[in-house]
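Be aware that the sequence shown starts at 29, since it is given in our numbering, and climbs by one per residue. Remarks on the structure that follows.
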Amino acid sequence: MAIDKNSALEALKKVNDPELHRDLVSLGMVKDLAVEGTTVSLKVELTTPACPLKETIGKDVEAALKSAGATAVKIAWGAQVRSAPGVSSASMTPGVKNIILVGAGKGGVGKSTVAVNLAVALAQLGAKVGILDADIYGPSVPILTGVTEKPTSKDGKRISPLHAHGVAVMSIGFLVDPDQALIWRGPMATGALLQLLRDVDWGELDYLVLDLPPGTGDIPLTISQNVKAAGVVLVSTPQDVALADVIRAKLMFDKVSVPILGLVENMSAFICPHCQTETPIFDKGGARDAAEKMGIRFLGEVPLDLAIRVGGDKGLPVVAGAPDSLQAKAFIEVAKQVAGSVSQQVVKAPRLPVIGQAVARG
Ligand SMILES: Nc1ncnc2c1ncn2[C@@H]1O[C@H](COP(=O)(O)OP(=O)(O)O)[C@@H](O)[C@H]1O
Ligand SMILES: [Mg+2]
Ligand SMILES: [Zn+2]
Numbered sequence: 029m030a031i032d033k034n035s036a037l038e039a040l041k042k043v044n045d046p047e048l049h050r051d052l053v054s055l056g057m058v059k060d061l062a063v064e065g066t067t068v069s070l071k072v073e074l075t076t077p078a079c080p081l082k083e084t085i086g087k088d089v090e091a092a093l094k095s096a097g098a099t100a101v102k103i104a105w106g107a108q109v110r111s112a113p114g115v116s117s118a119s120m121t122p123g124v125k126n127i128i129l130v131g132a133g134k135g136g137v138g139k140s141t142v143a144v145n146l147a148v149a150l151a152q153l154g155a156k157v158g159i160l161d162a163d164i165y166g167p168s169v170p171i172l173t174g175v176t177e178k179p180t181s182k183d184g185k186r187i188s189p190l191h192a193h194g195v196a197v198m199s200i201g202f203l204v205d206p207d208q209a210l211i212w213r214g215p216m217a218t219g220a221l222l223q224l225l226r227d228v229d230w231g232e233l234d235y236l237v238l239d240l241p242p243g244t245g246d247i248p249l250t251i252s253q254n255v256k257a258a259g260v261v262l263v264s265t266p267q268d269v270a271l272a273d274v275i276r277a278k279l280m281f282d283k284v285s286v287p288i289l290g291l292v293e294n295m296s297a298f299i300c301p302h303c304q305t306e307t308p309i310f311d312k313g314g315a316r317d318a319a320e321k322m323g324i325r326f327l328g329e330v331p332l333d334l335a336i337r338v339g340g341d342k343g344l345p346v347v348a349g350a351p352d353s354l355q356a357k358a359f360i361e362v363a364k365q366v367a368g369s370v371s372q373q374v375v376k377a378p379r380l381p382v383i384g385q386a387v388a389r390g
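Structure (structure tokens):
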């Protein structure tokens, strides 16, 4: 059986992206297809450099081409992060392809820790990433990233973000004193945040991670209504009380049509550094069960761990400070799942506009 470019293409039309449930050709992921004798070479352009299924796709491509007569398959990998139609042009954050909200569980469950390590992991995997700290009453991104300088402006109009660990960083804490913010009325606080969103010059970003304040109050609600987010990452400990907050959060995001990218279980079992015994201090597996019940993706488990806390306090996220550690690997796995979930949202049919949204959406 001789293979030519046409039959190779036909074979590739039968290979589905396992997560996007469409074939690679109609997804526009096949580039530079060439056939020489029985050797097929092509570039597969993934929808994110953090693709969790790269290996599976590679194997499927090879198998499909070989069954169509190829004896050798050479795959070059590329990635082009996409955004939902109309996102970057119409939004307050031009140039930002996808906004990932991280929130709204109760305070102290590790939202900011997850947000920062997620951002750094996505950058390490090859994406252009920024993080915006929107916790006006308790900004923690400056400490977690070790960024303390005041941001500056090149043109006197827009603010340039700072940089750390390969990520562009901006915090409301750089500009507003949290004690001052506490005495503001709600609209002032949300106004300051929306202004910050508009005023930062992010340049080109694949992902902007937005670290939300706890709960489902005014601020998370207003942000959800005003930015066109790819979706929200929910963070919870395995404990029942924390999970109840997540269910509440899911209801709020459903109401404002923000897709749920999935749920992370943080402070999952503690692994003793001396004897490796696993102790489920806040219980274990509760978030996985809850995700299943709610019909949302489970994004992974992050252990309760000293290195994670110490890294946070030092401004050196564990993903940057000890990239080969088990702790870092847990975050990297979460980052791949989040990126996969974003790609799924982007490829899906366009969503209905959010109620109260002034800007027309694509
Ligand atoms: N997996 C973890 N292991 C150990 N400490 C953690 C972990 N996640 C978060 N922490 C610590 O818990 C505290 C609260 O985390 P933070 O990310 O600020 O929570 P939130 O943003 O939800 O309020 C911080 O001191 C942080 O270092
Ligand atoms: Mg926080
Ligand atoms: Zn021990």
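Beta carbons: idealized from backbone N, C-alpha and C, even for Gly.
- Comparing alpha-carbon positions, the option among Ile247, Ala100, Trp105, Gly340 lying closest to Lys82 turns out to be Trp105.
- DSSP places Met120 outside both helix and strand once states are collapsed to three, so it counts as coil.
- A check of alpha carbon separations from Val228 across Gly339, Lys71, Lys182 identifies Lys182 as the nearest.
- In the structure shown, Phe326 adopts extended strand secondary structure according to DSSP, grouped into three states.
- From the listed residues Glu47, Ile164, Lys178, the smallest Cα separation to Pro242 is found for Ile164.
- For Gly214, the enclosing alpha helix (DSSP H) starts and ends at 214–227.
- Lys178 sits in coil when the DSSP states are folded into three classes, being neither helix nor strand.
- Gly135 is not a Cβ neighbour of Asp161, given a cutoff of 8 Å.
- The C-alpha of Trp212 is placed about 16 Å away from the C-alpha of Pro248.
- With a cut-off of 7 Å, the C-beta of Ser119 is classified as distant from ligand 2, since no heavy atom of the ligand falls inside that distance.
- Spanning the alpha carbons of Ala112 and Gly343 requires a straight line of approximately 33 Å.
- With a cutoff of 8 Å on beta-carbon distance, Leu222 and Asn254 are scored as near each other.
- In the three-state reduction of the DSSP assignment, Thr67 falls in the strand class, which pools E and B.
- Within the model, the alpha-carbon separation for Ala39 versus Leu93 is close to 6 Å.
- The Cβ neighbour count for Gln208, taken over all protein chains shown within 10 Å, is under 16; the residue is labelled exposed.
- Between the region 306–323 and the region 264–272 there are three or more inter-stretch CB-CB distances shorter than 8 Å, so the stretches are counted as touching.
- At a cut-off of 7 Å, the beta-carbon of Thr176 does not count as near ligand 1: no heavy atom of the ligand is closer than that.
- Secondary structure of Ile336 (DSSP, three-state): helix.
- For Leu354, the enclosing alpha helix (DSSP H) stretches over residues 354–375.
- Rounded to whole angstroms, the Cβ separation of Asp88 and Lys71 is 16 Å, and the two are not in contact under 8 Å.
- The beta carbon of Met198 is closer than 6 Å to those of Leu160, Pro189, Val228 in its chain, skipping five residues each way along the sequence.
- Across the set Val169, Val195, Val142, Gly349, the C-alpha of Val142 shows the shortest separation from the C-alpha of Pro331.
- The alpha helix (DSSP H) runs lying completely inside the region 59–113 and spanning 4 residues or more are 82–95, given in chain order.
- Under a 10 Å Cβ-count criterion, Met57 is classified as buried, with 16 or more other Cβ atoms of the shown protein chains found around its own Cβ.
- For Val195, same chain residues with a beta-carbon under 7 Å away, outside a window of 5 residues either side, are Ala147, Val148, Ala151, Val157, Gly158, Ile159 in chain order.
- Judged by the Cβ position, Cys303 qualifies as a neighbour of ligand 3 at the 7 Å threshold, a heavy atom of the ligand being closer than this.
- A contact is defined here as three or more CB-CB pairs under 8 Å, and the region 369–377 fails this definition with respect to the region 296–303.
- DSSP, read as helix, strand or coil, puts Lys156 in coil.
- Here DSSP, grouped into helix, strand and coil, assigns Ile275 to helix.
- Annotated three-state conformation of Asp161 is strand, per DSSP.
- Distance check between Lys364 and each of Gly339, Ser353, Gly290 places Gly290 closest, using alpha-carbon atoms only.
- Membership of Leu210 in the alpha helix (DSSP H) is indicated by the continuous run 206–210.
- Thr173 and Arg337 have their C-alpha atoms spaced approximately 12 Å apart.
- Membership of Gly349 in the alpha helix (DSSP H) is indicated by the continuous run 346–349.
- Check the Cα spacing between Met280 and each of Ser296, Asp246, Glu293: the tightest is with Asp246.
- Its chain contains Gly340, Asp341, Gly343 as the residues whose beta carbon lies nearer than 8 Å to that of Ile171, once the 5 sequence neighbours on both sides are disregarded; these appear in chain order.
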